[in-house]
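Asks: Below are the structure tokens for one structure; questions will follow.
Residue numbers (the numbering used here): 2 to 74.
Okay, here's the thing in structure tokens:
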């Protein structure tokens, strides 16, 4: 089974984060659950509050993009 690390940020009603941002639910997560049932994919969620963007002139990313690139859990 292929494990995919997935960054999540609140996007109601598609992704709804709990108050402490350790749990989530919503339409997107229902889709991920169905994909997991196929026994081809499994997902590890990484919760973030910022989407992220490219920072000029340093050439680095911030937010969830930066966290994924730095392998932050």
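Glycine included, C-beta positions come from ideal geometry on N, C-alpha and C.
Source: prediction; values computed, not measured.
Let me check one thing: in DSSP terms, what residues is residue 13 bridge-paired to?
Replies: Here residue 13 is taken as the residue at index 12 of the chain shown, counted from 1. DSSP, once it has assigned bridges, lists no residue as partnering residue 13.
Asks: Just how far apart, CA to CA, sit residue 31 and residue 48?
Replies: Here residue 31 refers to the residue found at position 30 when the chain shown is read from its first residue. Here residue 48 refers to the residue found at position 47 when the chain shown is read from its first residue. Using only the alpha carbons, I get a separation of about 16 Å.
Asks: Sorted by chain position, which residues of the same chain lie with C-beta nearer than 6 Å to residue 64's C-beta, five sequence neighbours on each side aside?
Replies: Translated into positions along the chain shown, residue 64 becomes position 63. Hits under 6 Å: 51, 52 and 53.
Asks: Under 7 Å between C-beta atoms, does residue 53 make it to chain B?
Replies: Given the protein chain composition of this structure (a single chain), no chain B is represented.
Asks: Apply the 10 Å Cβ neighbour rule to residue 5 and answer buried if 16 or more other Cβ atoms are within range, or exposed otherwise.
Replies: For this step, residue 5 is matched to residue 4 along the chain shown. Classification of residue 5: exposed, given that the 10 Å Cβ count is below 16.
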